[in-house]
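Here is the structure we will look at, set down as structure tokens.
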Amino acid sequence: MLAVYSQCKQYDFDEIELFWQKFWDKNKTFCVQEDFSKEKYYVLDMFPYPSGAGLHIGHPEGYTASDILTRYKHAKGYNVLHPMGWDAFGLPAEQHAIKTGINPAINTANNIEIFKKQMKRIGFAIDWDREVNTTDPGYFKWTQWIFLQLFKHGLAYVDESPVWWCEELKSVLANEEVIGGRSERGDFPVIRKNLCQWILRITRYADKLLEGLFDIDWPDSTKRQQTAWIGKSEGANIRFKIDGYDEEICVYTTRPDTIFGATFLVIAPEHPLVEKIVAQKFVNDVKKYVEDSRKKSDLERTDLAKTKTGVQTGAYAINPANGERIEIWIADYVLVSYGSGAIMAVPGHDKRDYDFALNYGIAITQVISDVSGNNQLPYVGDGILVNSGEFNGISSEKAREKIISWLHAAKRADFAQNYKLRDWLFSRQRYWGEPIPIIWIKESDYQMALSNDKFYFKEFLPKEPVSYNKGGVPYCALPLCLDHLPLTLPPTDNYLPSTDGESPLVKIKSWVNVYVNIETGQIVSAEDFNEKNASFPWVLGRRETNTMPQWAGSCWYYLRYLSPHCETNIVDPKAINYWQTPDFYIGGAEHAVLHLLYARFWHRFLFDIGAINTGKEPFRRLFHQGIILGEDGTKMSKSRGNVINPDEIVKHYGADALRLYEMFLGPLDMMKPWSTKGIEGVSRFLKKVWNGYVDKNGNIKSFQNSVSDTCRTVINETIRKVGNDIEELKFNTAISQMMICLNSVQKAGGFDGASARNFLKILAPFAPHISEELWARIGNNGSIYNTDWPEYDDSKMIPTSQKIIVQVNGKMRAELVVSDINNMQADAIFELAMHDGNVQKYIFDKKIVKKIYIRGKIVNFVVE
RNA sequence: GCUCGAGUGGUGAAAUUGGUAAACACGCCAGACUUAGGAUCUGGUGCCUAACGGCUUGAGGGUUCGAGUCCCUCCUCGAGCACCA
0 MLAVYSQCKQ YDFDEIELFW QKFWDKNKTF CVQEDFSKEK YYVLDMFPYP SGAGLHIGHP
60 EGYTASDILT RYKHAKGYNV LHPMGWDAFG LPAEQHAIKT GINPAINTAN NIEIFKKQMK
120 RIGFAIDWDR EVNTTDPGYF KWTQWIFLQL FKHGLAYVDE SPVWWCEELK SVLANEEVIG
180 GRSERGDFPV IRKNLCQWIL RITRYADKLL EGLFDIDWPD STKRQQTAWI GKSEGANIRF
240 KIDGYDEEIC VYTTRPDTIF GATFLVIAPE HPLVEKIVAQ KFVNDVKKYV EDSRKKSDLE
300 RTDLAKTKTG VQTGAYAINP ANGERIEIWI ADYVLVSYGS GAIMAVPGHD KRDYDFALNY
360 GIAITQVISD VSGNNQLPYV GDGILVNSGE FNGISSEKAR EKIISWLHAA KRADFAQNYK
420 LRDWLFSRQR YWGEPIPIIW IKESDYQMAL SNDKFYFKEF LPKEPVSYNK GGVPYCALPL
480 CLDHLPLTLP PTDNYLPSTD GESPLVKIKS WVNVYVNIET GQIVSAEDFN EKNASFPWVL
540 GRRETNTMPQ WAGSCWYYLR YLSPHCETNI VDPKAINYWQ TPDFYIGGAE HAVLHLLYAR
600 FWHRFLFDIG AINTGKEPFR RLFHQGIILG EDGTKMSKSR GNVINPDEIV KHYGADALRL
660 YEMFLGPLDM MKPWSTKGIE GVSRFLKKVW NGYVDKNGNI KSFQNSVSDT CRTVINETIR
720 KVGNDIEELK FNTAISQMMI CLNSVQKAGG FDGASARNFL KILAPFAPHI SEELWARIGN
780 NGSIYNTDWP EYDDSKMIPT SQKIIVQVNG KMRAELVVSD INNMQADAIF ELAMHDGNVQ
840 KYIFDKKIVK KIYIRGKIVN FVVE
């Protein structure tokens with residue numbers, strides 16, 4: 000095969016880049032198969048949502064970084080997988096559909112095409128044969144299957160729960176789409192609405208998700224965020240007797256050491272005991288207070304700046320530690336959803352209880368003494384117990400355990416843990432999402448089916464049926480089976496949710512109402528069903544009309560890449576045996592909690608049920624690229640007019656320059672402003688590279704027979720540093736080093752043959768197009784992608800002579816050039832240094848009190 | 001309020017992890033080539049000073065022969081959490 004390349008005489012990046020992009024496509028240069036003779040390396044990007052706006056300048060940042068790693072690891076001999084796909088369900092496509100009446104699938108496909116074209120124009124080393132799309136039925140078939148597994152294992156259930164509803168958008172919104180009580184899109188008010196929802200029991204994995212963070216290589220801040228989100232705390236449940244009642248109030252506390260200072264109890268307005276224990280005298284006040292707090296939004300209730308309000312119940316509890324009779328209050332600063340919805344209030348050592356006690360004139364007792372002697376209240380730290388009976392003088396830490404044990408012996412307390420993590424609200428009242436593969440049938444039909452030996456749907460049934468009540472009639476959830484999947488979205492031209500917060504699918508009666516044969520599994524639209532046959536084993540059912548959230552598809556896409564066309568399993572066992580989980584995962588920090596927590600949950604679940612045989616954690620090494628700001632240093636936005644379009648940059652400077660510049664901007668994980676002026680620098684560098692190889696007529700220059708020693712040192716140092724910097728993702732300094740190298744080579748009259756080849760090899764991951772072109776022009780066949788990473792020669796890097804810095808009292812006074820430095824003794828160095836003219840100026844009339852020599856680096860004379 | 005992270009030239013930044021602060025690049029200044037330069041090349045460019053020299057990594061203190069780097073106090077910016085008992 001003859002070397003092929005573009006025909007341009009000057010550096011025409013457009014011609015060169017298009018030529019090589021076509022070459023890669025045609026030769027499937029980046030397509031990989033399992034190869035058990037080679038070590039694998041799996042590079043994963045967070046796949047994009049293909050928005051109508053196209054690629055923005057932030058996308059190529061992460062993709063270039065992962066691409067450099069891909070090409071580098073491949074050169075180092077790994078079998079590298081670098082796939083790409085589309086997280087394509089989501090609200091914008093649906094809103095586009097509402098506006099235009101065009102099926103979101105069409106809009107989505109168009110957007111994907113644009114994204115893909117843009118990405119190909121930047122020249123990423125992606126195996127496009129493995130492209131996945133979460134909205135493809137062949138993909139979401141398996142998303143639905145995973146849901147059914149969760150259902151089967153009792154991790155999916157239904158509950159009536161409050162969701163955000165935006166009247167203006169006529170849509171339910173996810174928590175993350177609500178900012179400060181208003182919709183993220185359009186800034187409209189949102190309200191809470193109770194709807195019947197699917198919920199996943201992520202809380203059952205709380206401990207595992209917490210422990211899993213321990214030994215994975217993730218940014219600390221992300222680990223901390225997940226830890227905080229899971230919010231595990233240790234303490235005790237303590238039961239307080241209510242004076243005059245049989246009932247008790249159970250409180251959760253992390254500070255049992257302060258129990259002697261508990262001067263009142265507070266229960267949440269929604270607490271079940273509210274109705275039972277309120278004294279006649281307070282009934283009206285309590286009613287009003289409970290009513291008012293129900294009307295308050297979450298935002299108002301949790302506003303810290305507000306003074307705490309509450310109302311007395313007239314009932315009293317007995318403090319089990321000291322037998323004191325203490326008031327029971329109702330206040331909305333206590334949340335019914337955490338712990339037991341009731342607290343023991345210790346105003347001496349809790350800021351909130353302190354504020355409340357001050358407001359209502361309740362006794363404040365100090366029971367912890369600050370060891371530093373500061374005894375201002377409220378003191379919330381640990382200390383030494385006082386006013387605490389037999390526990391006086393004990394430290395907080397010891398007292399916590401002792402007091403729980405003491406109360407436990409009296410059957411008043413138990414050790415307990417709590418989590419802030421809530422179960423995952425999984426259903427969305429939207430059209431553009433994966434349909435939840437469930438049919439609701441009457442409980443009586445479900446029971447009858449269960450007792451039938453030929454019950455077709457047994458495969459995915461949970462131990463306890465999932466049921467809910469509608470208009471007094473109980474319904475049970477009947478899961479579809481694998482052969483019913485994928486359950487696709489029915490076509491419609493009305494994508495608007497109903498005003499009462501139900502999915503637009505509700506309106507598609509022919510899809511919703513079905514008859515199910517519970518013996519054969521046959522499902523027929525009620526419209527097409529002959530009513531004469533409407534008897535057992537045919538039962539009337541109603542399809543679940545909620546869809547899944549956008550997070551569902553992104554929870555497992557990294558597994559699908561391994562065998563995207565596998566029809567029998569979520570992932571081909573042979574493929575996952577080889578590829579396992581990603582070795583490197585890069586994406587924005589905005590997904591620190593949600594996507595990354597949900598995906599870890601699903602991965603662990605799939606591992607637990609034996610669907611995959613990988614490690615327990617999906618992403619062992621994670622990195623977040625920093626946001627690229629506009630030239631004015633603020634976030635890019637249309638309204639500010641500071642948006643940089645990558646297409647424009649590619650047009651003016653080429654893809655190689657874009658890639659190089661985004662990496663040269665600064666450290667990968669930092670937020671940094673774009674500068675179009677700045678890209679000129681790397682653009683010039685590329686031209687210099689070109690001119691180092693090609694003459695004015697487009698012919699390859701003849702290289703030198705050899706390069707100078709200094710030059711060879713720089714070249715070796717560059718090979719070493721670029722490799723190390725890539726491993727550490729320090730691409731900015733790697734590029735600097737290549738610039739230094741090129742500058743000194745050109746000063747010294749140019750490359751020799753070996754260094755000309757090596758330089759292209761190390762440049763190739765960063766600027767693959769120009770590297771391919773020059774590689775071919777200097778006479779090589781095939782892609783530079785398939786060459787090895789150059790070795791560097793240590794012996795060529797140690798200069799024969801070396802500079803030693805001479806300091807006097809820590810200030811630099813001279814430079815010594817010393818040959819044969821390794822064999823020189825410290826005394827000889829001191830001798831040399833002292834006789835330096837400039838050093839003499841500072842020491843001749845002084846007394847040297849100390850001499851320091853750091854081998855090969857520095858001499859310091861301390862004088863006085 | 002709490003928890004992290006960050007503050008280095010006119011700008012983006014670098015610094016072998018305690019050893020010459022400002023590499024590399026942008027910008028700017030001067031020069032060369034040019035009909036021309038917003039192309040290219042060469043040189044200069046932290047601050048003060050006429051110079052010798054002195055000063056300099058947000059501010060102040062400390063440890064050290066030596067601090068951008070370690071410790072303490074404070075200031076500013078960014079991120080996350082925010083009545084979770």
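One point on numbering: in numbering that gives the first Met the number 0, the residue at position 785 of the first sequence is 784, and numbering is uninterrupted. Beta carbons: idealized from backbone N, C-alpha and C, even for Gly. In this text the structure is predicted, and so the values were computed from the model without any measurement.
- At least 7 angstroms separates the beta-carbon of Ala261 from that of Ile403.
- In the three-state DSSP reduction, Tyr4 falls in the coil class, being neither helix nor strand.
- In this chain, the alpha helix (DSSP H) harbouring Arg223 covers Asp219 to Ile229.
- Burial is judged here by how many other beta carbons sit within 10 angstroms of a residue's own beta carbon; Asp256 has at least 16 and is buried.
- In the three-state scheme derived from DSSP, where H, G and I count as helix and E and B as strand, Pro103 is classed as helix.
- Apart from the 5 residues on each side of it in sequence, Leu657 sits with its Cβ closer than 7 angstroms to the Cβ of Pro59, Ile121, Pro645, Ile648 and Val649 in its chain, given in chain order.
- Residues Cys740 and Ser743 of the same chain have their beta carbon placed closer than 6 angstroms to that of Val713, with the five preceding and five following residues left out of the count.
- With fewer than 16 other beta carbons inside 10 angstroms of its own, Val472 counts as exposed.
- Within 10 angstroms of the beta-carbon of Pro563 lie 16 or more other beta-carbons, which makes it buried.
- Taking all protein chains in view, the Cβ of Val42 is crowded by 16 or more other Cβ atoms within 10 Å, so the residue is classified as buried.
- Contact between the region 445-454 and the region 216-230 is absent, with fewer than three C-beta pairs closer than 8 angstroms.
- Using a 10 angstroms sphere on the CB of Ala408, the tally of other CB atoms stays under 16, which defines it as exposed.
- In the displayed model, Val817 falls within a strand according to three-state DSSP.
- Its Cα nearest to that of His483, the residue Tyr455 stands out among Val505, Pro464, Glu501 and Tyr455.
- The beta strand (DSSP E) runs of length 3 or more contained entirely in the region 399-432 are, from start to end of the chain, 412-417.
- Between Phe860 and Gly809, the alpha-carbon positions lie close to 8 angstroms from each other.
- Every alpha helix (DSSP H) stretch that sits fully inside the region 567-608 and reaches 4 residues is listed by chain position as 572-578 and 593-607.
- Rounded to the nearest whole angstrom, the C-alpha separation of Ser36 and Lys573 is 14 angstroms.
- Taken through DSSP and simplified to helix, strand or coil, Lys687 comes out as helix.
- Annotated three-state conformation of Val277 is coil, per DSSP.
- Look at Ala341 here: in three-state DSSP terms it is strand.
- For the pair Leu561 and Trp578, the CB atoms are nearer than the 7 angstroms cut-off.
- Measuring C-alpha to C-alpha distances from Phe187 to each of Leu172, Arg200, Ile201 and Phe702 identifies Leu172 as the nearest.
- Counting only runs of at least 3 residues, the region 16-40 fully encloses no beta strand (DSSP E) element at all.
- Secondary structure note for Val171: its beta strand (DSSP E) is the uninterrupted segment Ser170 to Leu172.
- With contacts defined as CB atoms closer than 7 angstroms, Met669 and Ile626 fail to qualify as a contacting pair.
- DSSP, read as helix, strand or coil, puts Glu290 in helix.
- Taking a cut-off of 8 angstroms on C-beta distances, the region 432-444 touches the region 460-477, as three or more cross pairs fall below it.
- Under DSSP, Pro485 forms no beta bridge with any residue.
- Put simply, the backbone Cα of Asp24 is about 16 angstroms away from that of Glu772.
- Straight across, the Cα-Cα distance linking Asp527 with Ser182 is about 41 angstroms.
- Inter-residue distance for Ile783 and Val693 is about 18 angstroms (C-alpha atoms, whole angstroms).
- In the three-state reduction of the DSSP assignment, Pro645 falls in the helix class, which pools H, G and I.
- The distance from the Cβ of Tyr62 to that of Phe123 is about 6 angstroms, consistent with a contact at the 8 angstroms cut-off.
- Only exposed fits Asp245, as fewer than 16 other CB atoms lie within 10 angstroms of its CB.
- Assignment of Lys457 by DSSP, reduced to helix, strand and coil, places it in the helix class.
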